[in-house]
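Everything below concerns the one structure shown next.
Number of protein chains: 2
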Amino acid sequence: MRAATISDGQVGVREHPDPEPGDGEVLVRVRAAGLNGADLMQRAGRYPAPPGEPQDIPGLELAGEVAAVGHAAPRFAVGDRVMGIVGGGGQGELCTVHERQLMPVPEGLPWPQAGGLPEVFTTAHDAIFTQGGLRTGERLLVHGAAGGVGTAAVQLGAAAGAHVTATVRNPEARDGVRELGAHEVVDPEGFAAGGPFDVILELVGAPDFPANLEAVATGGRIVVIGVAAGAKIELNLLALMGRRATLRASTLRARPLEEKALTARAVEREVLPGFARGALRVPVAETFALDDVAAAYERFAAGGKLGKVVLTMDG
Amino acid sequence: MRAATISDGQVGVREHPDPEPGDGEVLVRVRAAGLNGADLMQRAGRYPAPPGEPQDIPGLELAGEVAAVGHAAPRFAVGDRVMGIVGGGGQGELCTVHERQLMPVPEGLPWPQAGGLPEVFTTAHDAIFTQGGLRTGERLLVHGAAGGVGTAAVQLGAAAGAHVTATVRNPEARDGVRELGAHEVVDPEGFAAGGPFDVILELVGAPDFPANLEAVATGGRIVVIGVAAGAKIELNLLALMGRRATLRASTLRARPLEEKALTARAVEREVLPGFARGALRVPVAETFALDDVAAAYERFAAGGKLGKVVLTMDG
Chain A
141 MRAATISDGQ VGVREHPDPE PGDGEVLVRV RAAGLNGADL MQRAGRYPAP
191 PGEPQDIPGL ELAGEVAAVG HAAPRFAVGD RVMGIVGGGG QGELCTVHER
241 QLMPVPEGLP WPQAGGLPEV FTTAHDAIFT QGGLRTGERL LVHGAAGGVG
291 TAAVQLGAAA GAHVTATVRN PEARDGVREL GAHEVVDPEG FAAGGPFDVI
341 LELVGAPDFP ANLEAVATGG RIVVIGVAAG AKIELNLLAL MGRRATLRAS
391 TLRARPLEEK ALTARAVERE VLPGFARGAL RVPVAETFAL DDVAAAYERF
441 AAGGKLGKVV LTMDG
Chain B
141 MRAATISDGQ VGVREHPDPE PGDGEVLVRV RAAGLNGADL MQRAGRYPAP
191 PGEPQDIPGL ELAGEVAAVG HAAPRFAVGD RVMGIVGGGG QGELCTVHER
241 QLMPVPEGLP WPQAGGLPEV FTTAHDAIFT QGGLRTGERL LVHGAAGGVG
291 TAAVQLGAAA GAHVTATVRN PEARDGVREL GAHEVVDPEG FAAGGPFDVI
341 LELVGAPDFP ANLEAVATGG RIVVIGVAAG AKIELNLLAL MGRRATLRAS
391 TLRARPLEEK ALTARAVERE VLPGFARGAL RVPVAETFAL DDVAAAYERF
441 AAGGKLGKVV LTMDG
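If you're matching them up, the sequences are chains A and B in order.
Using the numbering used here, the first residue of the first sequence is number 141, and each one after it goes up by one.
Using the numbering used here, the first residue of the second sequence is number 141, and each one after it goes up by one.
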């Protein structure tokens, strides 16, 4: 099979042996695979794949058809449309995935959306509901709302009956975020005045503190899952005590299989019905053929886009 | 009635009008009332009582007999032995308390222990279980374990089947903390080597960071409820993400009545049975008569004690 391949800090396309599904695994013929921030870090050599995953084929999510199933993998049949998060290797023509990490693709969802759905919707759902405990009627602040996870979080928050405020640096992306359901879209410099917020989803990093600490509600939860703009903050514990606030930080990739499987079940139960009834969508900024993977990475790195950059592959 | 009274940064005893129980309230003839760190802050003018509470009578907890009940206060009868957290005014011969904040005194528990129980056991229980989610088999680290909340947390953690590590600055207090059930008692400078810890109870403040951040387990929870030694910390969010860790900060006093009542119900259900069967106790460092309240405050402020300083009053 052919696959995106990282070598010496560059990404290109190379021939690899076809992978074979092990016990509990499914072989997926990949039709679409989204790009994520971690792919860029991996290209730069700063985010090696976990042990047991393909080390030189990037890609943390995919959608495609089941091509074969391994021993003790009864969940899906050959030909089923599936999607899911993988520990690596998603950006190839074939990929093996444990069946508990896979979800069915909602009927009618185009491949590019399905290939860009798992990582951002799982991450956003886990962060704002499982970690942040967002409830109907609460106020949600989403930083970096024009990115993949941000566009998912805005939609999920609004669909759950929360009041959603979104920060977006690029003025051209603001209308798009508003159309996804954000009640206010504001500049990253001026968000604190719109608080207090019950849940703050931090996808940018240190520059949003200490305004986050000023804007968090009594009993509020700040959930940090992205720190590309800086990780070191100063914190006044007494101020945090006064708000009875919580600061949580998390990542998905390092979790064990059983925890990842739980996140997939939560998405199946609480998110996919929203796609089935047309209330949610995956904004796709641009698609690239596998042969153009280098250009796809450059497009992703350039930023300023609304939604996902997705690789597409012929079936 | 006579009551401890704060005036011009000093605490003494003065005559006050007898309080009368309002709707839902109970009038308690106080037999014992513990001192807490907040009393010292209030004496120094840095922690005013909440609106509606006695402004010049300190005291956040009490135990005594029901002397009268107000309208719509059916929970207790005159003569019942009760104890509870109050928003202020606990260190007087009489005090009114909402009945939902009161708990029955376990049979056989002496007044000094009962008067020093509510604040520290409620605070410790709320912090390590409700906020920190401590589970059987997990590892608990208690900072400042020789103090009131610390001695409660060590006992509650051990009784719940957690492995308890305690930091104690005063070497003379270490044996006492070990007798309360701590599996290790260590110096505050050397605790990180004993980790990782699933729950870290922070009663001291900034000096324990960043070692706390080094010692917190994957998925661990740091619960901050005391910062007397300093409140400003530096935090690396990326390190917190790598541990998928949570930093929570809280106080009891500022919570609304319904939340305080919930903490009292939790203590009745999960803590008082441990007193009834003799598995838990309130270490009392020293008792003082009401007339000696100034000396009691000095004793409390001097530190280096194991357990509570309690005022006692004749019935």
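The C-beta atom is built at its ideal place from N, Cα and C for all residues, glycine as well.
Assigned exposure category for Ala178 (chain B) - 16 Cβ within 10 Å defines buried
buried
For the structure I just gave you, are there three or more beta carbon pairs, one from the region 236-248 of chain B and one from the region 203-221 of chain B, closer than 8 Å?
yes
CB-CB under 6 Å to Ala207 (chain A), same chain, minus the five flanking residues each way: which ones, in chain order?
Leu167 and Arg169
May I ask you to list the residues that DSSP assigns as paired with Pro117 (chain B)?
Residue 117 (chain B) lies beyond the residue range present for chain B, which begins at 141 and ends at 455; the question has no answer from this structure.
Among the candidates A:Gly444, A:Asp432, A:Gly447 and A:Arg439, whose CA atom is the shortest distance from the CA of Gln231 (chain A)?
A:Asp432
Could you please give the first and the last residue of the uninterrupted alpha helix (DSSP H) stretch that includes Asn176 (chain A)?
Counting along the chain, Asn176 (chain A) falls outside any alpha helix (DSSP H), and DSSP gives it neither H nor E.
Which residue comes first and which comes last in the alpha helix (DSSP H) that contains Lys400 (chain A)?
Leu397 to Glu410
Who are the neighbours of Glu374 (chain A) on chain B, taking C-beta pairs under 8 Å?
Lys372, Ile373, Glu374 and Leu375
Give me whichever residues DSSP pairs with Leu281 (chain A) in a beta bridge.
A:Thr305 and A:Ile340
Going by the beta-carbon positions, is the gap between Met381 (chain A) and Val364 (chain B) smaller than 9 Å?
yes
By the criterion of Cβ-Cβ separation under 7 Å, what are the contact partners of Arg183 (chain A) in chain B?
What Arg183 (chain A) touches in chain B: nothing, since even the nearest Cβ is about 19 Å away.
Opening and closing residue of the alpha helix (DSSP H) in which Leu380 (chain A) lies:
Leu377 to Arg383
Is the CB of Ala144 (chain A) under 9 Å away from at least one CB in chain B?
no
For Val289 (chain B), which residues in chain A fall below 9 Å Cβ to Cβ?
Ordered by position in chain A, no residue passes the 9 Å Cβ test against Val289 (chain B), which lies about 14 Å from the chain.
Could you spell out where the alpha helix (DSSP H) holding Leu353 (chain A) opens and where it closes?
Ala351 to Ala355
Check His238 (chain A) in the structure and name its three-state DSSP category.
strand
Proximity of Phe269 (chain A) and Leu296 (chain A) at Cβ, strictly below 9 Å:
yes
Hey, Ala144 (chain A) and Gly256 (chain A): beta-carbon distance below 9 Å or not?
no
Residues of chain A with a CB under 7 Å from the CB of Leu378 (chain B): which are they?
Val367 and Ala371
Looking at the C-beta of Val326 (chain B), does it have a partner C-beta in chain A at a distance below 9 Å?
no
8 Å Cβ shell around Pro347 (chain B) - same chain, five flanking residues per side excluded
Pro328, Ala369 and Gly370
I believe Gly272 (chain A) touches Val339 (chain A) by the beta-carbon criterion, under 8 Å. Please report the beta-carbon distance rounded to the nearest angstrom.
4 Å
Can you name the residues of chain A whose CB is closer than 8 Å to the CB of Val364 (chain B)?
Leu377, Leu380 and Met381
What first and last residue would you give for the beta strand (DSSP E) that runs through Gly152 (chain A)?
Gln150 to Glu155
So if I threshold CB-CB distances at 9 Å, which residues from the region 384-396 of chain B count as touching chain A?
Arg384, Ala385, Thr386, Leu387, Arg388, Ala389, Ser390, Thr391, Ala394 and Arg395
Would Leu521 (chain B) and Thr291 (chain B) be called neighbours here (beta carbons separated by less than 9 Å)?
Coverage of chain B is limited to positions 141 through 455, which leaves residue 521 (chain B) absent and any answer about it impossible.
Identify the contact partners of Ala346 (chain B) in chain A, using a Cβ-Cβ distance below 8 Å as the criterion.
Leu377
May I ask which residues mark the beginning and end of the beta strand (DSSP E) holding Arg142 (chain B)?
Arg142 to Ser147
Continuous alpha helix (DSSP H) stretch holding Leu387 (chain A): start and end
No alpha helix (DSSP H) holds Leu387 (chain A); the beta strand (DSSP E) holding it covers Thr386 to Ala389.
Using CA coordinates, which residue listed in B:Val304, B:Ala434, B:Arg221 and B:Arg393 is at the minimum distance from Pro188 (chain B)?
B:Arg393
Per DSSP, what are the beta-bridge partners of Glu201 (chain B) in this structure?
B:Ile225
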